[in-house]
Amino acid sequence: MIEDGATDWGNGGPRPAADGFDIEARSKSVYEWVRQVRGGVLGGAFTVERHLSAAIVYFMLGDRLERDDVQSAFDEGLLTPLSFERRINVAMLIAPHFLSDDEVKALRGDLNALRTIRNSMAHKPFWFHPELNDKDQVFNLVPMIQRGKAPIALTSAFTHQLNSQIAGLIDRTATLAATVAKREKR
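Right, dumping it as structure tokens:
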């Protein structure tokens, strides 16, 4: 297993750095950046998870939600033990009552994509992949993470796209929870 921040040199082993390239300084800078990316993904996934939980609670309890003892019993007995994947599965049973078929399909796909990247960020190490110039010298270190069976480069473009997807999911799951709450509190 590669440890967080290790460099995967491949078959050729370590290579000399290009003139002016400070591997140690670059790795420290990127390591901190990856920590921030991971924190952002985990924080965003947590927010989505809270919205899914709210939709489940509103759907299952309806107006009984006003009783603290009922909500506490529900949270402790049924909701708390649910993993992120199971919350997604339960929410996807509820969503067709409030969303169109296309919206449900898109939400399911996006939630599963978030689940896989969230699990990678939470449970998998990242490593540096050295980029070589035409002289076989290291001129850059690219942070990588395993997502399923495929390695993914954690580039600025990838994280920008991921942040947009997470922001969209936060909005959509908040809307779902609010819609369920309104409908159940008639």
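Residue numbers for the sequence shown, in UniProt numbering: 1 to 186. Just so you know, even glycine gets a beta-carbon here, dropped at the ideal spot from N, CA and C. Note that the coordinates shown come from a computational prediction; the quantities given were computed from them, not determined experimentally.
Notebook entry, point to check: From Arg86, Thr159, Ile94 and Leu78, pick the residue whose C-alpha is nearest to that of Ile117; which is it?
Noted result: Minimum Cα distance to Ile117 is reached at Thr159.
Notebook entry, point to check: Where DSSP assigns a beta bridge to Ala17, which residues make up the other side?
Noted result: For Ala17, which the question treats as bridged, DSSP gives the partners Val138.
Notebook entry, point to check: Is it buried or exposed for Ser53, if we count other Cβ within 10 angstroms and need 16 for buried?
Noted result: Only buried fits Ser53, as 16 or more other CB atoms lie within 10 angstroms of its CB.
Next item on the list: From the DSSP output, in three-state form, read off Pro130 for me.
Entry: Residue state, collapsed to three classes: strand.
Checklist line | Environment of Phe126 [buried if 16+ CB atoms lie within 10 Å] | finding: Buried: at least 16 other Cβ atoms inside 10 Å.
Item checked: Opening and closing residue of the beta strand (DSSP E) in which Ala153 lies -> Start and end: Ala150 to Ala153.
Next item on the list: Could you tell me the distance, in whole angstroms, from the CA atom of Lys135 to the CA atom of Pro143?
Entry: Rounded to the nearest angstrom, the two C-alpha atoms are 22 Å apart.
Margin query: At the level of alpha carbons, what is the spacing between Ala163 and Pro14?
Written below: According to the sequence provided, residue 163 is Asn. The question's Ala does not apply to it. Their Cα atoms are separated by approximately 33 Å.
Item checked: Boundaries of the alpha helix (DSSP H) in which Ala11 is found, first to last residue -> Ala is not the amino acid found at residue 11; the sequence shown has Asn there. Here Asn11 belongs to no alpha helix (DSSP H), and DSSP marks it neither H nor E.
Item checked: Residue burial classification, His51 (beta-carbon count within 10 angstroms, cutoff 16) -> Classification for His51: buried.
Notebook entry, point to check: With C-beta atoms as the reference, is Leu154 less than 9 Å away from Val48?
Noted result: Contact: no.
Check: In the DSSP assignment, what are the bridge partners of residue 204?
Finding: Because the chain here runs from 1 to 186, residue 204 falls outside it and cannot be looked at.
Checklist line | Cross-strand partners of Ala6 (DSSP beta bridge) | finding: Ala6 pairs with Trp127.
Check: So, are the CB atoms of Val180 and Phe98 less than 9 Å apart?
Finding: Against a cut-off of 9 Å, the Cβ pair of Phe98 and Val180 comes out as a contact.
Notebook entry, point to check: Should Met121 and Leu42 be called a contact, given that it needs their Cβ atoms to be closer than 9 Å?
Noted result: Yes, the Cβ-Cβ distance between Met121 and Leu42 is below 9 Å.
Note to self: Taking its Cβ as the centre, do 16 or more other Cβ atoms sit within 10 Å of Pro130, making it buried, or is it exposed?
What the structure shows: It is buried - the Cβ of Pro130 has at least 16 other Cβ atoms within 10 Å.
Notebook entry, point to check: Should Leu132 and Ser27 be called a contact, given that it needs their Cβ atoms to be closer than 9 Å?
Noted result: No, Cβ-Cβ distance for Leu132 and Ser27 is not below 9 Å.
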